[in-house]
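Report on the structure given below.
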Amino acid sequence: MNFQFDNVSGMLHMAGHGIYVWTAVLVTLALIAWLIINPLLQRRHVIEEIAQDVAREQLRQNASRESV
Amino acid sequence: MNWNWNWFYRMGSPRWFYESTSRWLPWLGALTVLLLASGLVWGLAFAPQDAKQGNSFRIIYLHVPASFLALAGYFLMAAAGAIGLIWKMKLSYMVMKCAAPLGAVLTFLALFTGAVWGKPTWGSYWVWDARVTSMLILLFLYMGVLALQYAFDSKDVANKASAILALVGTVNIPIIYKSVDWWFTLHQPATISFTEAPSMHPDMFQPLLVMILGFYCFYAVALILSVRVEILSRERKTSWVRGLVKQATHKNLGAE
């Protein structure tokens with residue numbers, strides 16, 4: 000198993016095919032990252048939503064207790 | 000014989016799914032990063048170049064795994080829909096719903112990497128070839144399942160409609176597999192077959208195998224993450240989710 004290129008710029012250029020190969024790599028990595036990050040952000044959003052629901056319910060409960 | 004179905008019902012419990020995936024996710028995530036990183040470096044820098052296609056062939060290390068998962072993901076989505084229809088399992092419908100956008104992105108990725116591979120190899124980004132066209136239909140099927148989820152007011156009707164479309168769409172899968180044999184196409188025949196030895200040289204084939212495994216793990220992680228969000232959202236009234244949220248918000252307050 001050997002490194003297939005003379006140096007890093009040779010690897011970037013890939014004898015003229017670099018533009019195609021690296022475009023495919025970058026788009027793939029970007030989409031993979033998005034598919035992981037997006038549910039993590041959504042998760043945070045849902046947790047905040049539920050926490051607000053809980054706080055609101057507690058306020059309502061306290062208010063009804065005071066009015067009694 | 001007294002067959003014990005307990006495991007089946009337990010697996011259908013959203014809470015069970017959430018709690019067990021909490022334990023699996025770190026390992027699965029680490030394995031994904033390891034496989035994808037090593038497969039990519041191996042394929043891009045160390046695998047020998049193709050005698051005919053030169054370096055453009057290296058796109059295979061993205062194109063084939065993405066296509067694999069686009070197809071396997073469709074089977075999973077249709078199977079989840081079928082289980083939902085037969086056993087009315089909530090979790091199964093959640094898996095189906097989350098598999099749709101994930102599969103659509105992977106199908107797009109297969110088409111995109113195919114297009115940038117097609118330019119230096121076929122001389123064109125796009126050809127209306129049998130394989131490419133049937134993959135485009137797969138993309139539309141995924142988007143159809145996704146659209147049906149939002150087309151009805153009733154969650155139940157939406158789930159049933161999505162599941163039926165997903166099941167009907169499985170007709171397209173063997174067409175995609177066989178398209179390269181049935182029609183004369185530009186697309187090269189399958190690189191990997193279960194019944195024959197790989198037609199590729201082992202030096203090229205081994206990194207491809209690593210990438211395919213890496214994509215399977217990635218798919219599992221991405222699907223699990225979005226099913227977990229779906230579970231939290233749908234089970235928001237239950238005490239176990241409330242307890243979880245309390246813990247999570249406390250942790251955040253502690254960190255600030």
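In order, the protein sequence lines correspond to chains A and B. Just so you know, we're using numbering that gives the first Met the number 0 here: the first sequence kicks off at 0 and counts up by one. Just so you know, we're using numbering that gives the first Met the number 0 here: the second sequence kicks off at 0 and counts up by one. All C-beta atoms in this analysis are idealised placements derived from N, C-alpha and C, irrespective of residue type, glycine included. Model, not experiment: these values are computed from the prediction.
Ranked by how close their Cα comes to the Cα of Asp128 (chain B), the residues B:Asn54, B:Phe183, B:Leu108 and B:Val40 have B:Phe183 in first place. Under the DSSP definition of a beta bridge, Gly53 (chain B) partners with B:Asp49. Note on geometry: alpha-carbon atoms of Tyr124 (chain B) and Leu110 (chain B) lie some 10 Å from one another.
Under the three-pair Cβ rule at 8 Å, the segment 22-31 of chain B does not count as touching the segment 100-110 of chain B. Spanning the alpha carbons of Ser63 (chain A) and Gln57 (chain A) requires a straight line of approximately 10 Å. In this structure, the straight-line span from the alpha carbon of Leu138 (chain B) to that of Asp180 (chain B) is close to 21 Å. With the rule of 3 Cβ pairs closer than 8 Å, the segment 21-28 of chain A does not count as touching the segment 204-215 of chain B. In its chain, beyond the 5 residues on either side, Met210, Ile211 and Phe214 have a beta carbon closer than 6 Å to the beta carbon of Pro64 (chain B).
Against chain A, the CB of Arg241 (chain B) has a partner CB under 8 Å away; the residue lies at that interface. By the neighbour-count criterion, in which 16 or more other beta carbons inside 10 Å mark a residue as buried, Leu39 (chain A) falls on the exposed side.
For Val244 (chain B), the chain A residues whose C-beta falls within less than 8 Å of its own C-beta are Ile46, Ile49, Ala50 and Val53, listed in chain order. Arg130 (chain B) sits close to His186 (chain B), with the two beta carbons spaced by under 8 Å.
Positions of the alpha helix (DSSP H) runs, each at least 4 residues long and wholly inside the segment 3-89 of chain B, are given as 5-10, 13-40 and 59-86 in order along the chain.
At least one C-beta of chain B is nearer than 8 Å to the C-beta of Asn1 (chain A). With contacts defined as CB atoms closer than 8 Å, Tyr73 (chain B) and Ile172 (chain B) qualify as a contacting pair. By the Cβ criterion, the segment 48-60 of chain B is not in contact with the segment 82-91 of chain B, since fewer than three pairs of Cβ atoms, one from each stretch, lie closer than 8 Å. Taking the C-beta atoms as reference points, Gly83 (chain B) is found nearer than 8 Å to Tyr92 (chain B). Assigned with DSSP and collapsed to three states, Met142 (chain B) falls in helix. Chain order gives no chain A residues near Ser19 (chain B), where near means a beta carbon separation below 7 Å; the closest approach is about 17 Å. Contacts with chain A (Cβ-Cβ distance below 8 Å) from the segment 193-217 of chain B involve Asp202 and Phe217, listed in chain order. For Gln60 (chain A), the nearest beta carbon of chain B is not closer than 8 Å to its own beta carbon.
Gly53 (chain B) reaches chain A at Ala14 and His16, counting residues in chain order whose Cβ is nearer than 7 Å.
Neighbourhood of Ala32 (chain A) in chain B, by CB distance below 8 Å: empty, with the nearest CB roughly 10 Å away.
For Asn61 (chain A), the enclosing alpha helix (DSSP H) starts and ends at Gly17 to Ser66.
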